[in-house]
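Below is one structure; the comments refer to it alone.
In our numbering, the protein residues as written are 1 to 356.
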């Protein structure tokens, strides 16, 4: 009996020793390591810090000229289109893809809305729905080619960008529908440009839509199964499929939603510039990628917050307006934004070492 007790004690000693061996040391010691881990868990902190810093610096340099309600809301009005398109781009990049066709989808959707109204006499609400449906359809085609045919997203959307842009010019015959005609006969097309004042600050419906859209998507990505599936597909699609995630369905939903959001951006574009122009907004694809990258969303997928894309768009808006008010050459804006893009990718690589 004593021998059995002795064996039991030896087993417990060995078990406790093995438990001690199984303990892992926390290598994230020191301020730098803790900062790296914090930014890994909260990737939108970096663009938020840059945004606040830029506002403080330009505020000190320009004073009340920059901190006026007019200037603050002007920034929001200027970035509303980029912010909406960046929300669409963020969804695709979170799945480790990229969409170069977002700008073309936006412009073509606006052209569909305008041409259906003025060329065919279709009621404006139905014409708007047709434009939204067209954006969704193009997004669905992108998603099908990526998820089913297994083509690289870069190649698919690069080709779709050319196709949609060419279709846009051929269908519209480079015809611009003037803002006066829209205002007189189809004011609903300019709905997103409707302005209202709150405490001396002027907002537009497009600005409110951008903010609501981003906060709704941020909630969906963080608190719904669909959002977890989006991150899982971006992190490792094969592992996600093995764990029960329908990768095809997730990618289709992302690209279709991206196309729909871009179509809404086309509607907002009409409200912003007043007219329907087939040549407007052609740099939206580059501008949206810029906002997303500066916003801390990883180009490798699976990491980032869609709020970061809003911060990224606002950073561009703050630098643009601040330098303009200082009287600086416009090229300084491009130079600083280029530096921010490179710095953002470098920070992303540094942060990703936490998960490596």
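The C-beta atom is built at its ideal place from N, Cα and C for all residues, glycine as well.
In this text, all values refer to a predicted model and were calculated from it rather than measured experimentally.
Buried/exposed call for residue 99, threshold 16 Cβ in 10 Å: buried
Buried versus exposed call for residue 255 [16 or more other C-beta atoms within 10 Å across all chains shown]: buried
The stretch 117–126 contacting the stretch 135–148, beta-carbon criterion three pairs below 8 Å: no
Residue 348, buried or exposed, once every other Cβ within 10 Å from all chains shown has been counted against 16: buried
Meets three-Cβ-pair contact criterion under 8 Å: the stretch 90–107 and the stretch 283–290: yes
Exposure of residue 142, with buried meaning 16 or more beta-carbon neighbours within 10 Å: buried
Assigned secondary structure, residue 224 (DSSP; H/G/I helix, E/B strand, else coil): coil
Euclidean distance between Cα positions of residue 58 and residue 126: 45 Å
Through-space distance from residue 258 to residue 89, alpha-carbon basis: 7 Å
Three-state secondary structure assigned by DSSP to residue 344: helix
Beta-carbon contacts of residue 15 that lie in its chain and below 7 Å, excluding the five residues immediately before and after: Annotation note: pLDDT 45 at residue 15 (below 50); position unreliable, no value reported.
Cβ contact check for the stretch 239–255 and the stretch 305–322: 3 or more pairs under 8 Å: no
Residue of 177, 194, 92 and 104 minimising C-alpha distance to residue 152: 92
Backbone CA spacing between residue 298 and residue 94 [nearest angstrom]: 7 Å
Burial state of residue 180 (16 or more Cβ within 10 Å): exposed
Exposure of residue 264, with buried meaning 16 or more beta-carbon neighbours within 10 Å: buried
Nearest neighbour of residue 166, chosen from 304, 243 and 111 [CA to CA]: 111
Beta-carbon proximity check, residue 275 vs residue 208, cutoff 8 Å: no
Supposed contact pair residue 294 and residue 341 - C-beta distance, whole angstroms, cut 8 Å: 6 Å
Cβ shell of residue 273 (< 7 Å), same chain only, five flanking positions each side left out: 280
Identity of the residues DSSP links to residue 197 by a beta bridge: 202
Integer-rounded CB distance, given that residue 313 should sit under 8 Å from residue 79: 4 Å
Minimum C-alpha distance to residue 278 - residue among 311, 65 and 164: 164
Status (buried if at least 16 other CB within 10 Å, exposed otherwise) for residue 174: exposed
Spatial neighbours of residue 157 in its chain, beta-carbon cut-off 7 Å, leaving aside the 5 residues before and after: 98, 99, 100, 101 and 142
Helix, strand or coil at residue 85 [DSSP, three-state]: helix
Of the residues 231, 183, 108 and 335, the one placed nearest residue 271, counting alpha carbons only: 183
Neighbour-count burial assignment, residue 327, 16 or more Cβ in a 10 Å radius: exposed
DSSP state of residue 351 mapped onto helix, strand, coil: helix
Span of the alpha helix (DSSP H), counted from its first residue to its last, around residue 185: 179–185
Length of the line joining the Cα atoms of residue 305 and residue 236: 18 Å
Runs of alpha helix (DSSP H) wholly within the stretch 306–342 (minimum 4 residues, chain order): 306–326
Local conformation of residue 92 per DSSP, three classes: helix
Helix, strand or coil at residue 245 according to DSSP, with G and I counted as helix: coil
Element boundaries [alpha helix (DSSP H), containing residue 174]: Segment: none, residue 174 is in no alpha helix (DSSP H) and carries neither H nor E.
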